[in-house]
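J.: Sequential numbering from 3 applies to the sequence shown in my numbering. Before anything else, here's the structure in question.
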Amino acid sequence: MARWGSQLGLLRYLPSRLYVPNENLNSSDRRLYQRIAYRQILSQAMLNESLSVKRNAKKVDTKIDSQIPTLLLVSNGEGMGFSQEEWRHYATRFAKDQKNIELTFYDAPHYLYHYQTKEVVAKIEDFIKGTTD
Numbered sequence: 003m004a005r006w007g008s009q010l011g012l013l014r015y016l017p018s019r020l021y022v023p024n025e026n027l028n029s030s031d032r033r034l035y036q037r038i039a040y041r042q043i044l045s046q047a048m049l050n051e052s053l054s055v056k057r058n059a060k061k062v063d064t065k066i067d068s069q070i071p072t073l074l075l076v077s078n079g080e081g082m083g084f085s086q087e088e089w090r091h092y093a094t095r096f097a098k099d100q101k102n103i104e105l106t107f108y109d110a111p112h113y114l115y116h117y118q119t120k121e122v123v124a125k126i127e128d129f130i131k132g133t134t135d
């Protein structure tokens, strides 16, 4: 039923917070983002992902052998079906005792770059500067 409503374009009547338009987009890009979101928000792929996110998070290996510096930007878990504590625990457990992994926690939902754009950009730039010769 939800997919049928999506295909008919009924999602245009849902509140914009469901598709998280980035405040930094110009009006043309915002309209494009909205059209894409309306088309994809209840696609079969997105529905499948939402149904399997917890199971998939538990499949992630607890250790990687990375020689590449890795920055993990971790949201507060809002919108993921996890409590903040549980969501952040997965990231912390994954990074524990591993070299080349840096964790940064944000008090923002899953698409944290929509909410804290400048902070995310600054963190990525600092990380790149700190890990390159």
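Backbone N, C-alpha and C define an ideal beta-carbon position, used for all residues, glycine too. All values derive from a computational prediction rather than experimental measurement.
Touch check for the stretch 100-109 and the stretch 70-83: three-plus C-beta pairs under 8 angstroms?
T.: At 8 angstroms Cβ cutoff, the stretches touch.
J.: In the DSSP assignment, the alpha helix (DSSP H) including residue 49 goes from what residue to what residue?
T.: Looking at the DSSP string, the run of the alpha helix (DSSP H) that includes residue 49 is 46-61.
J.: Quick check on this structure: which residue in 96, 116, 89 has the alpha carbon closest to the alpha carbon of residue 56?
T.: Minimum Cα distance to residue 56 is reached at 89.
J.: I believe residue 81 touches residue 116 by the beta-carbon criterion, under 8 angstroms. Please report the beta-carbon distance rounded to the nearest angstrom.
T.: Wrong, their Cβ atoms sit about 11 angstroms apart, outside the cutoff.
J.: Identify whether residue 134 lies in helix, strand or coil by the three-state DSSP scheme.
T.: In this structure, residue 134 counts as coil in the three-state DSSP scheme.
J.: Where do the N-terminal and C-terminal ends of the alpha helix (DSSP H) with residue 96 fall, by residue?
T.: Segment 86-97, the alpha helix (DSSP H) holding residue 96.
J.: Is residue 53 buried or exposed, if buried means 16 or more other CB atoms sit within 10 Å of its CB?
T.: Flag for residue 53 reads exposed.
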